[in-house]
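Residue 59 is where the sequence shown starts when you use the working numbering, and the numbers rise one by one after that.
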Amino acid sequence: MLDGLTQPGASCAVWPPTLLIEINGANAGADVTGLVVSAGSSTIRGLVINRFTAYNVELNSSGGNTLECNFIGTNAAGTLDLGSNLSGVWVNNIANNTVGGSVVSARNLISGNNVHGVWISGAQASANLVENNYIGTNAAANADLGNSSSGVYIAGAASATVRNNVLSGNNSTGITIEGGSGHTISSNRIGTTGSGVADLGNTSYGVLINGSSGNSISGSVISGNDSYGVYLLGAAASGNTISGNTIGMDISGTAALGNTGAGIVIDNAPNNTIGGITAGARNLISGNEIGIYIFSSGATGNVVQGNWIGVSASGTLAFPNRFNGIFIDTASGNTIGGTVSAARNLISGNGSNGVHLNNASSNIVAGNWIGTDSSGSSAIPNNGNGVFITNGSSNMVGGTAGGAGNRIAFNALKGVYVFSGSGNAVLGNAIYSNTDLGIDLGANGVTLNDPGDSDTGANTLQNFPVLTSAAEFATVVGGTLNSTPNTNFRIEIFANTGCDTATYGEGQTLIGSGSATTNDLGNVTFSVNVTALVRNQFITATATNANNNTSEFSACLRVSSVNVPPTVVNDSASTPEDTAVTLNVLANDSDPNNDLLTVINFSAGSVAGSAVNCATGGNCTYTPAPNFFGSDSFTYTASDGNGGTAVATVTITVTPVNDPPVANPDSASTAVNTPVTINVLANDSDIDGGALTVSAFDSASAQGGTVNCVSAGNCTYTPRANFTGTDTYNYTVSDGNGGTASALVTVTIGGTVNRAPVANPDTATAQINLPVTIAVLLNDTDPDNNPLSVGAFDSASARGGTVSCTPGGSCTYTPPTNFVGTDTFTYRASDGVLLSNVATVTISVISDTIPAECVGIEFTGMIIYGTDRYNEIYGTEGNDLIYGFGAGDHIYGLGGDDCLVGGRGHDELYGGDGNDILIGEDGHDMLFGGGGDDRLFGGMGFDYLRGDAGNDQLYGGGDSDWIQGDEGDDSIYGQDGSDAPLTGGPGSDVIYGGPGHDELFGDDDHYSEQTGASGNDALYGEDGFDLLYGGGGSDMLDAGSGIDMLFGNSGDDTLFGGPDGDEFLGGSDFDTALDFDFSLDYLCVDVEQGCTPPAPPVTDRDDDGDGVNNTYDVCAGFDDHADMDGDGIPDGCDPLDDR
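Right, here's the structure in full:
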């Protein structure tokens, strides 16, 4: 293997390939071949081989070699002619070599060489394959690089196959075969681009077979070449088959790419086949100078079958060959067509004659369609004659065998024109609709008969018959013939729809033939059996003597009329009782003369009361007598318009049908609010005597009343409450056999209208878990002063309580267990006839045990009472009421607006989400508000209150409490006791210390500044010795009475001293200290260094040992036992030591 694809980057995966190794013979010297392969079974792949002075590649000595994916004679791009001085590839007398291959990756480009592209020679060069190559083109197969001679040249070899190649642009022939035999040329594009749609012709022939036999050319597009498409030359070029090709058209068969010469030429070559009778054998031969050209005396025994010549691939459009479709010149014994339909050639649309026989003899033109489309019914005329014979003899156009006749129609000149020559038989054809004569002998139009037929000329100017009789319905045509004495003639009779000229016709349909022999004077009277004649046909005839000289068509004879009466057939029909039926009585009638039949008379039906009416066109309508069923009949008379008539009978079967009953309107009257019953069937009837029943009725009347009917006919109508006036309803009566009818019942309602009572809302109050009774009717009224009762009520309230009511109006409501809140139920009052509107009773369920702070909460969750021991209680997501009772309870409200009561003991209450109320009551309690706007009440004892998120209200209660607002704008009330600390947390808080020694913090950090973090707080110390810490933000501190300490911290603060001696510590920023009372005050202003406020007390121990933890000890961290200055204030809490 010599493989250029081993070079990195080289590839044949797609076309064009990437070839990177070039063997350039430009400097190799004289008579040098690029590659000589002698070893056999070698592969040469992926090379560019060019410019050698002999051959680019030579394969010799041993076969089985493969040459694939090479550029031979071009540059690496496949765009330049760089050929060798001789052929591109020479297969030199060896067998079984492959040039190319079945896949694109095996394709070679073989172009630009100075002799042939591929040369296969020698008797031993058999079974070689040239496949899938581009030969003569560039790499894109759309431009000419040419080989200087043939694309493929096969000389003296056998059984080569040239398949699926593009062989175009070569400077001679696409493929040349000389000598040898058995070669196959298939599926190539020869003379076109690779796509088969554009001309890239070879300079000479597409395919030349010279002296080679038994070759096959099939499935190829052979178009655009500068001479013949296919050329078979010489006596040895015999037994070749040309089939399934497109010659002179593009690959689709819809556009012309004509070869400059003939599509196929058979020159002195015998016994070849063009086309065939098998599927796929048809050649499309159009767009060329001549379709098929057969000439020279040696061109005998050739068969042309099954081809389309001069038309498109669809057979419906003309793509003319410029001159004749088929031209046989100086050749004999050839056959065009055959007697089977598959052998038929379609020869139409050509620029001159369909078939031209010149100096030709003994040729057969049979079974073809000449001048029609592929359906045989529409015109694609040849622009000359259908068949033209010049100086020809003994040729047969048509024949006497079945299927031998040609269809020769629509051509621009004559159907068959025998210009000169004799013995040319024209038999069994369908010749019609040609512009000129159907058959013309010589150049003088209709040749009139001469006595004894002694004149000479084309087909001896044979006299034609004279027709004498042709009558309608006749099966014999009579006539006479005057011609040569004692001669036997074949007489053919034709039927036509008209004459070609005023008196002479053509031969559209052969309807019979016979023989006639003239007497000694040359006369004969003949009768020829034919198919039955039809009125208005035109009959013609021809005469053919024993030497096969056929005459022109005779003058035409119009078929005479013989009137025969119509043939009528009795009719029958069926119809239901009381239903008319229409039928066309002429539909099954006929007229031998094909005359139009009409009805000229008809009778009445045989049953009294029936009616018949017939139109001339045959539509007869029969209407049975009312309620009749059974059999009836009438007759009609048909006419052919020429005096012929016939009478037929129509029998009608009338089937019984049930007649519907008759329902009549009814009426009734009744008083207001009073039902009424009537029998609606009492005035109804049925003509067939069927038993009537009510099968359907309106269940609701037009005005809203109700209706109920029984099948026997009793219908009860109940008016809607208080309605007066007129009302209606419908009912349907049935006879039990499918017949129904409907009627309207009208009811008149009189009297006075009762009006509905009016019910008003009620309210009541119930104790938790206790029933309450409400007199709901006391505030209800009736417009008509009718006595009232409870007509309807809810047995269950909206909250799940139970309700029971007496007719007298006493309704007892029992609330759900432990429910506290608002509940409702509804009722309706009744005056004995009508119900009132719906009224609502609203009950407020209360509990004596609900703290005043929780009044107003509607408890949708649970009411829970703990035990007198420790309880851990969890509420629901609703609004819960929970009592701890026990000592040291843990209560969790969870979701909803809850009310949590700790009771005695040290309790922990957690409100959870929602706006909760937490009440600590006795003991040291811890209350956590959770999310929402909560209210926390510490109660007695040292309590810890934490509002958490939300705007909360916190109340310390008695004793010293720790209160922390946390997030939100909180309100904090220390109330009684020394509260420490009271912390607002983030947000703008309001804090009231209340009586006692309190510590108030505006933010969470007690003494430290939280710049910008805390809100603008308001701190009120009120009574007692208080410490006020503003924290961050612009705060307002009001000391109240007592000796107080005020710490503004950061922010622009305002500090109010109060009546006693106070200490003011402004902190940073701009503070205002106001003290209008006479007292000894201390003011600390932070100018640069600042002044340090006292350290905050530690809250988790008892620094002063007074038994009170710092958390609850306002003086924590100081000595609150001694009073050194005797002012009654322990030193630890005395801002001014006034000793």
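Ideal Cβ placement from N, Cα and C applies to all residues, glycine included.
Straight-line gap, residue i to residue j (C-alpha atoms, nearest Å)
| i | j | result |
| --- | --- | --- |
| Asp744 | Asp793 | 7 Å |
| Asn843 | Ile915 | 42 Å |
| Gly373 | Gly460 | 25 Å |
| Asn417 | Ala389 | 7 Å |
| Pro1155 | Asp1096 | Summary for Pro1155: the model assigns pLDDT 44, below 50, so the residue's position carries little reliability; its value from the coordinates is reported in the next sentence. The straight-line gap from Cα to Cα measures roughly 22 Å. |
| Asn283 | Ser244 | 17 Å |
| Thr589 | Ile569 | 6 Å |
| Phe781 | Val811 | 7 Å |
| Gly859 | Leu750 | 57 Å |
| Thr598 | Ile384 | 29 Å |
| Pro829 | Tyr789 | 55 Å |
| Val705 | Asn716 | 35 Å |
| Asn1201 | Gly292 | Residue 1201 is absent from the structure shown; the chain starts at 59 and stops at 1197. |
| Met454 | Leu258 | 40 Å |
| Gly209 | Thr393 | 33 Å |
| Ser847 | Arg813 | 15 Å |
| Ile826 | Ala856 | 16 Å |
| Asn191 | Ser262 | 20 Å |
| Leu591 | Gly396 | 30 Å |
| Ser301 | Ser370 | 17 Å |
| Ala604 | Thr583 | 18 Å |
| Gln1147 | Met1103 | Note that Gln1147 scores a pLDDT of 42, beneath 50, so its modelled location is shaky and nothing firm can be said. |
Reference residue i, options the options, closest by Cα
| i | options | result |
| --- | --- | --- |
| Asn172 | Val147, Ala183 and Asn190 | Val147 |
| Ser612 | Asn621, Leu967, Ser618 and Thr602 | Thr602 |
| Asn411 | Val582, Phe468, Val643 and Asn246 | Phe468 |
| Asn317 | Gln761, Gly249, Ala97 and Ser609 | Gly249 |
| Leu404 | Ile438, Gln761 and Thr598 | Ile438 |
| Cys119 | Gly87, Gly92, Asn133 and Ile152 | The residue asked about is misnamed: residue 119 is Ser in this sequence, not Cys. Minimum Cα distance to Ser119 is reached at Ile152. |
| Ala850 | Phe883, Thr872, Leu525 and Asn827 | Phe883 |
| Gly429 | Leu140, Ser491 and Ala462 | Ser491 |
| Ile267 | Thr304, Asp325 and Thr312 | Asp325 |
| Asn443 | Asn382, Ile807, Thr764 and Asp387 | Asn382 |
| Ala213 | Gly180, Pro718 and Asn222 | Gly180 |
| Gly879 | Ile348, Tyr871 and Ile901 | Ile901 |
Residues near residue i by beta carbon distance below 7 Å, same chain, minus five either side
| i | result |
| --- | --- |
| Ser217 | Ser184, Ala185, Gly240 and His241 |
| Gly254 | Arg247, Val279, Asp308 and Ile309 |
| Cys557 | Gly563, Phe596 and Cys614 |
| Ser419 | Ser390, Gly450, Ser451, Ser452 and Asn453 |
| Ala134 | Leu77, Glu80 and Val106 |
| Gly277 | Ser244, Ser245, Gly302 and Asn303 |
| Pro66 | none |
Nonlocal neighbours in the same chain, by C-beta distance under 6 Å from residue i, ignoring five residues either side
| i | result |
| --- | --- |
| Ser207 | Val173, His174 and Ser230 |
| Leu187 | Thr156 and Thr219 |
| Ser43 | Absent from the structure is residue 43, since the part of the chain shown begins at 59 and ends at 1197. |
| Leu144 | Ala112, Tyr113 and Val173 |
| Val639 | Ala631, Thr633 and Tyr680 |
Contact set for residue i: own chain, Cβ-Cβ below 8 Å, skip 5 residues either direction
| i | result |
| --- | --- |
| Ala314 | Gly306, Met307, Asp308, Ser344, Gly345 and Phe377 |
| Ala197 | Trp73, Pro74, Phe129, Thr132, Ala135, Gly136, Thr137 and Leu167 |
Neighbour flag for residue i against chain B, beta carbons, 8 Å
| i | result |
| --- | --- |
| Ala801 | Any reference to chain B falls outside this structure, which holds one protein chain only. |
Exercise for review: Tell me the start and end of each unbroken beta strand (DSSP E) in the region 544 to 629 that is at least 3 residues and wholly inside, in chain order.
Suggested key: Restricted to the region 544 to 629, the beta strand (DSSP E) segments that are unbroken, complete and at least 3 residues in length are 546 to 554, 567 to 575, 581 to 587 and 596 to 602, listed in chain order.
message = So within the region 681 to 754, which uninterrupted beta strand (DSSP E) runs reach at least 3 residues, ignoring any that extend past its ends?
response = Listed in chain order, the complete beta strand (DSSP E) runs (minimum 3 residues) inside the region 681 to 754 are 688 to 697, 703 to 713, 724 to 729 and 734 to 737.
| request: Pair every Cβ in the region 526 to 539 with every Cβ in the region 487 to 503, then say whether three or more of these pairs are closer than 8 Å. | output: Look at the beta carbons and you see the region 526 to 539 not touching the region 487 to 503: under three pairs across the two are nearer than 8 Å.
(message) So, does the region 733 to 740 touch the region 762 to 776, judging by three or more C-beta pairs under 8 Å?
(response) Result yes; three or more Cβ-Cβ pairs closer than 8 Å.
Please give me, in chain order, every unbroken run of the beta strand (DSSP E) with length at least 3 that falls completely inside the region 290 to 340. If you keep only unbroken beta strand (DSSP E) runs of at least 3 residues inside the region 290 to 340, you get 299 to 301, 322 to 325 and 331 to 333.
_Does the structure place the region 505 to 523 close enough to the region 626 to 641 that three or more beta carbon pairs sit under 8 Å?_
Cβ pair count under 8 Å is below three, so no.
Along the chain, which unbroken stretches of the beta strand (DSSP E) at least 3 residues long are found entirely within the region 74 to 148?
You should have 79 to 82, 93 to 95, 101 to 103, 105 to 108, 115 to 118 and 124 to 126.
Taking only runs of the beta strand (DSSP E) that begin and end inside the region 842 to 926, which ones reach a length of at least 3 residues, in chain order?
Within the region 842 to 926, the runs of beta strand (DSSP E) that reach at least 3 residues and sit entirely inside it are, in chain order, 847 to 851, 860 to 863, 868 to 872, 879 to 888, 893 to 904 and 921 to 923.
Within 8 Å, do at least three Cβ pairs link the region 682 to 701 to the region 663 to 673?
At 8 Å Cβ cutoff, the stretches touch.
| said: Does the region 833 to 843 come into contact with the region 752 to 762, if we say contact requires no fewer than three beta-carbon pairs (one atom in each stretch) closer than 8 Å? | reply: Touching, no, given that fewer than three Cβ pairs across the two stretches are closer than 8 Å.
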